[in-house]
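Student: Sequences listed follow chains X and H, in order. End of the first sequence sits at 148 in the numbering used here; the numbers just go up one at a time, nothing left out. End of the second sequence sits at 1148 in the numbering used here; the numbers just go up one at a time, nothing left out. Ideal Cβ placement from N, Cα and C applies to all residues, glycine included. One structure, as structure tokens, below. Some questions next.
Protein chains: 2
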Amino acid sequence: MRYSIGQAAKKMNLTAHTLRYYDKEGLLPFVQKTSAGQRVFTEQDMEWLVIIECLKETGLQLKEIKQYIDWCQQGDCTLEKRLNMFKQQKKKVEEQIMKMQKNLEKVNFKIAYYEEAVKNGSVDVYKRNKCLAEQKERLFGNLTESGK
Amino acid sequence: MRYSIGQAAKKMNLTAHTLRYYDKEGLLPFVQKTSAGQRVFTEQDMEWLVIIECLKETGLQLKEIKQYIDWCQQGDCTLEKRLNMFKQQKKKVEEQIMKMQKNLEKVNFKIAYYEEAVKNGSVDVYKRNKCLAEQKERLFGNLTESGK
DNA sequence: TTAATCTTTAGAGTTTACTCTAAGTCAAGC
DNA sequence: GCTTGACTTAGAGTAAACTCTAAAGATTAA
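Listed below in structure tokens is the structure:
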């Protein structure tokens, strides 16, 4: 299966504009063109796009992703660099997941808070609900009390 | 405990510039100033900053965060709006965590791949290691084969 | 009191990642 | 063959979130 730029874009939930931009930035050196100059994306190219997407979502900038692509083009002498990059990336992703779980706790707290507030028609929650007041201390107090 | 803009910034891992920018954008209407015009951040203000940080990290734009702050300023008649916002946000955070876990799987696969490649000094991994080849199908194949 | 450091404002500049336009070329269906 | 829609390039424009500058005023420590 081969894809035009439009089909590839659709599959990846991007626009053709974006794929051309990535190409211009040197992220897609592997994509071939027809004699008429039109890009053709192979299945393998789609796997590259999946990895580029993954690296982008985990916080790498396009120029850092380009660095990785460049290493891939340079051959086996860069294998260790690539391995190290992914090891670093693993740490970052794990940190991001932990951070997101903490954010989820804060959001859950706010939902509990506003459910209580809506029930009473007022923001005056902590006086009625000691449990929420304690939770608040745990989630917000630590940052504002400790550390200094 | 009260904080100058510089101290507040340090505590939140931001710069004073950024906090002034947030203020200019209407995100910090609660921050008071001294008679000489200098901002004073209270403990409560720091909690606001923690929530702003949380909303920012979970993907809200500053103008959407401002919307929330505005609702807070408007009083109890916006309680339900705020509750709904956090409920939506909860969904988004849960999706982000799931996405990150998928990204982690991809990164872990790449680490396994490159560890194998480094061991053999070559990128020619799938021929030697069928297990990795299958994993690759599971992680990348589904996106490139299904859906169309 | 005086130097060093912090804070103030308005406003200009930067970075990143798109996003769009124009003018033209190519491919598929009728 | 013709139309329609997708593709090409170079390059301009945009949005978001800072980031920095300059010039002046405030605060702190010796």
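1. For the segment 1040-1059 of chain H, which residues have a beta carbon sitting closer than 8 Å to at least one beta carbon of chain X?
2. With a 10 Å radius around its C-beta and 16 neighbouring C-beta atoms as the bar for buried, classify X/Asp45 as buried or exposed.
3. Answer with buried or exposed for H/Cys1054, where buried requires no fewer than 16 other C-beta atoms within 10 angstroms of its C-beta.
4. Please identify, using Cβ separations under 9 Å, the residues of the segment 1025-1039 of chain H that lie next to chain X, in order along the chain.
5. Considering only residues of the same chain and omitting the five flanking positions on each side of H/Thr1034, which have a CB-CB separation below 7 Å?
6. Look up H/Phe1041 in the DSSP assignment and say whether it is helix, strand or coil.
7. Count the other CB atoms within 10 Å of the CB of X/Phe86; is the residue buried (16 or more) or exposed (fewer)?
8. Taking just the CA atoms, how far does H/Leu1132 sit from H/Phe1109?
9. Identify whether H/Lys1106 lies in helix, strand or coil by the three-state DSSP scheme.
10. Since X/Tyr3 sits in a beta bridge, which residues does DSSP pair it with?
11. Counting only the same chain and skipping the five closest in sequence on each side, list residues whose C-beta sits under 7 Å from that of X/Glu43.
12. Give the residues from the segment 63-90 of chain X that approach chain H closer than 7 Å (Cβ to any Cβ), ordered along the chain.
13. How is H/Lys1081 classed by DSSP in three states: helix, strand or coil?
14. So that I know if they touch, is there some Cβ in chain H lying closer than 9 Å to that of X/Glu115?
15. What did DSSP end up calling X/Lys127 once you bin it into helix, strand or coil?
16. Using the Cα positions of H/Ala1009 and H/Ile1052, report the straight-line distance between them to the nearest angstrom.
17. Excluding the 5 residues flanking X/Leu27 on each side, which residues of the same chain have their C-beta closer than 8 Å to its C-beta?
18. Kindly indicate which residue of X/Ala112, X/Lys127, X/Gly6 and X/Val118 has the alpha-carbon position closest to the one of H/Asp1076.
19. Within 10 angstroms of the Cβ of X/Lys106, are there 16 or more other Cβ atoms? Answer buried if so, exposed if not.
20. Locate the alpha helix (DSSP H) running through X/Gln74, then write down its first and last residues.
21. Could you tell me whether the Cβ of H/Leu1019 comes closer than 9 Å to any Cβ of chain X?
22. With 8 Å as the limit, tell me which residues of the segment 89-107 of chain X have their beta carbon closer than that to any beta carbon of chain H; keep them in chain order.
Tutor: According to the structure data:
1. Glu1043, Met1046, Glu1047, Val1050, Ile1051, Cys1054, Glu1057 and Thr1058
2. buried
3. buried
4. none
5. Val1040
6. strand
7. buried
8. 8 Å
9. helix
10. X/Phe41
11. Met1
12. Asp76, Leu79, Glu80, Arg82, Leu83, Phe86, Lys87, Gln89 and Lys90
13. helix
14. yes
15. coil
16. 13 Å
17. Ile52, Leu62, Ile65, Lys66 and Ile69
18. X/Val118
19. buried
20. Leu62 to Gln74
21. no
22. Gln89, Lys90, Val93, Glu94, Gln96, Ile97, Lys99, Met100, Gln101, Asn103, Leu104, Lys106 and Val107
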